[in-house]
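Asker: Below: one structure in structure tokens.
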Amino acid sequence: MPEGLEARLEREVAAGEWEPVESGGSLRPGDRMCLRIANDADGAYDITVLVLQADFKIQQFDLEKESHRFEVGEFTFDALEAGPTDGELVMLLHGFPQTGDQWRHQIDALSEAGYRVVAPNQRGYSPGARPDAVEDYSRDRLAEDVIGMADALGHERFHLVGHDWGGAITWEVAARYPGRLGSATIVSTPHPAALLAALTDPESDQQVRSSYIQTFAEEGSENQFLEDDAALLRSFYEEAGLSDEEMEPQLAVLNDPDAMRSALHWYRAAVQGGATVTGPSTVPTMYVWS
-10 MPEGLEARLE REVAAGEWEP VESGGSLRPG DRMCLRIAND ADGAYDITVL
40 VLQADFKIQQ FDLEKESHRF EVGEFTFDAL EAGPTDGELV MLLHGFPQTG
90 DQWRHQIDAL SEAGYRVVAP NQRGYSPGAR PDAVEDYSRD RLAEDVIGMA
140 DALGHERFHL VGHDWGGAIT WEVAARYPGR LGSATIVSTP HPAALLAALT
190 DPESDQQVRS SYIQTFAEEG SENQFLEDDA ALLRSFYEEA GLSDEEMEPQ
240 LAVLNDPDAM RSALHWYRAA VQGGATVTGP STVPTMYVWS
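For the sequence shown, the working numbering begins at -10 and goes up steadily by one.
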């Protein structure tokens, strides 16, 4: 159990922020309840937190990964956080259509190795960081968010890991702010220069492979993802092999018109052309193709 978590929860329960509820107790949409479960002979115990969703589904959160909110300028970002606060910071950037929860297994491994790990829901995904204008989702602003998060967490230097769109922003941060990164790790997303070379190569099929970007960028494309109980969105997760339980944290964020519209603004801003200075990475960089 993270140090200080027990005392914090006891304070919050005492303040009425959490309501201890016996099994089978009366529950209402939006209720929050906590159950303390003793399970070790030496008296150690885990705390399990259950959150009753509006649709009456109950979701269990592992409190080894604490939910965290921090402010960056006018925005408030939601994040999962684990590991010692004095450890080296590793920030994990998700892709589309995902959230910070996509890194749940890596969060465990990195925190156990002694790193402080933060996996934010990025701009558009966090309700408190959801501007309306497409131009607010340009790569330079998304990169600024990352630096602002590190500043808010009190870390001058940190390690950055990104997948899909998170990988694109990792390349951008490495180019713009090389002095801030101890390392950059990119999963699946090629360097923008390599992608451009493939897109303009007449012998490459990359234009066909990337044609979905134009579709995602179309006005109102969020409706296609969310119609029929988010059938298209769910299909992405099913094809990736996610279980219903693993889908829930993603759907809890993206099965919402405002969130999905904002997430797709990343594509609209890219198609419109935004400020980018993505050049060669001068920080220690690892690229993982998957």
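Think of the CB as a built atom: it goes at the ideal place given N, C-alpha and C, for glycine as much as any other residue.
Model, not experiment: these values are computed from the prediction.
Which residues in the same chain as P(-9) place their Cβ atom closer than 6 Å to its Cβ, once the five residues preceding and following it in sequence are excluded?
Answerer: Note that P(-9) scores 45 on pLDDT, short of 50, meaning its location in the model is unreliable and no value can be drawn from it.
Asker: When DSSP builds the beta bridges, which residues end up paired with H57?
Answerer: DSSP output for H57 lists A68 as bridge partner(s).
Asker: Assuming contact is defined by CB atoms lying nearer than 8 Å, are F85 and A141 in contact in what I supplied?
Answerer: Not in contact: F85 and A141 (Cβ atoms no closer than 8 Å).
Asker: If you reduce the DSSP assignment to three classes, tell me which class S210 lands in.
Answerer: DSSP places S210 in helix when its eight states are reduced to three.
Asker: I'd like the span of the beta strand (DSSP E) that includes A229, first residue to last.
Answerer: No beta strand (DSSP E) holds A229; DSSP gives it neither H nor E.
Asker: Does the region 252 to 260 touch the region 143 to 151, meaning 3 or more C-beta pairs lie closer than 8 Å?
Answerer: Not touching, per the Cβ criterion.
Asker: Is it true that the CB of P167 sits closer than 8 Å to the CB of M138?
Answerer: Their beta carbons are not under 8 Å apart, which means M138 does not touch P167 by this criterion.
Asker: Assuming S270 contacts A183 under a Cβ cut-off of 8 Å, what Cβ separation, rounded to an integer in Å, is found between them?
Answerer: Not quite, the Cβ-Cβ distance comes to about 12 Å (not below 8 Å), so this is no contact.
Asker: When we look at the beta-carbon of Y201 and count the other beta-carbons within 10 Å, is it buried (16 or more) or exposed?
Answerer: Y201 should be labelled exposed.
Asker: For S172, which three-state DSSP category applies?
Answerer: Strand, per DSSP.
Asker: Over what stretch of residues does the beta strand (DSSP E) that includes Y276 continue unbroken?
Answerer: Here the beta strand (DSSP E) through Y276 covers 274 to 277.
Asker: Looking at C-beta atoms only, is the number of pairs between the region 238 to 252 and the region 201 to 215 that lie closer than 8 Å three or more?
Answerer: Yes: the two stretches touch, three or more of their Cβ pairs being nearer than 8 Å.
Asker: So, are the CB atoms of V242 and T88 less than 8 Å apart?
Answerer: It is a contact, given that the beta carbons lie within the stated cut-off.
Asker: Could you give the DSSP three-state label for P109: helix, strand or coil?
Answerer: Strand at P109.
Asker: Can you look up G137 in the DSSP assignment and give me helix, strand or coil?
Answerer: G137: helix per DSSP, three-state reduction.
Asker: Hey, could you find the ends of the beta strand (DSSP E) H180 is sitting in?
Answerer: Premise fails: H180 is in no beta strand (DSSP E) and is neither H nor E.
Asker: Per DSSP, what are the beta-bridge partners of V285 in this structure?
Answerer: The chain is shown from -10 up to 279; residue 285 falls before or after that span and cannot be answered.
Asker: Just tell me which of Y126, W160, A186 has its CA closest to the CA of M275.
Answerer: The residue with the shortest Cα to Cα distance from M275 is W160.
Asker: What are the partner residues of M236, as DSSP defines its beta bridges?
Answerer: In DSSP, M236 forms no bridge with anything.
Asker: Would you mind sorting G262 into buried or exposed? The rule is 16 or more other CB atoms within 10 Å of its CB.
Answerer: Its Cβ having fewer than 16 others within 10 Å, G262 is exposed.
Asker: DSSP beta-bridge partners for V260?
Answerer: None; V260 has no bridge partner.
Asker: For A220, count neighbouring C-beta atoms within 10 Å of its own C-beta (all shown protein chains included) and say buried if the count is 16 or more, exposed if not.
Answerer: Its Cβ having fewer than 16 others within 10 Å, A220 is exposed.
Asker: Classify W278: buried if its beta carbon has 16 or more other beta carbons within 10 angstroms, exposed otherwise.
Answerer: Classification for W278: exposed.
Asker: From G230 to S224, what does the alpha carbon distance come to, in whole angstroms?
Answerer: The alpha-carbon atoms of G230 and S224 are separated by roughly 10 Å.
Asker: Measure the Cβ-Cβ separation of V106 and A71 and say whether it is below 8 Å.
Answerer: Result yes, Cβ atoms of V106 and A71 sit closer than 8 Å.
Asker: Confirm, please, whether the CB-CB distance from Q196 to L188 is below 8 Å.
Answerer: Yes, these two residues count as a Cβ contact at 8 Å.
Asker: For my contact list, Y126 and R146 are in at a C-beta cut-off of 8 Å; report their separation, rounded to the angstrom.
Answerer: The pair is not a contact, with the Cβ atoms about 26 Å apart (cut-off 8 Å).
Asker: Please report the residue range of the alpha helix (DSSP H) in which V197 lies.
Answerer: Residues 195 to 198.
Asker: By how many angstroms is the C-alpha of T267 removed from the C-alpha of P116?
Answerer: Spanning the two alpha carbons is a distance of roughly 28 Å.
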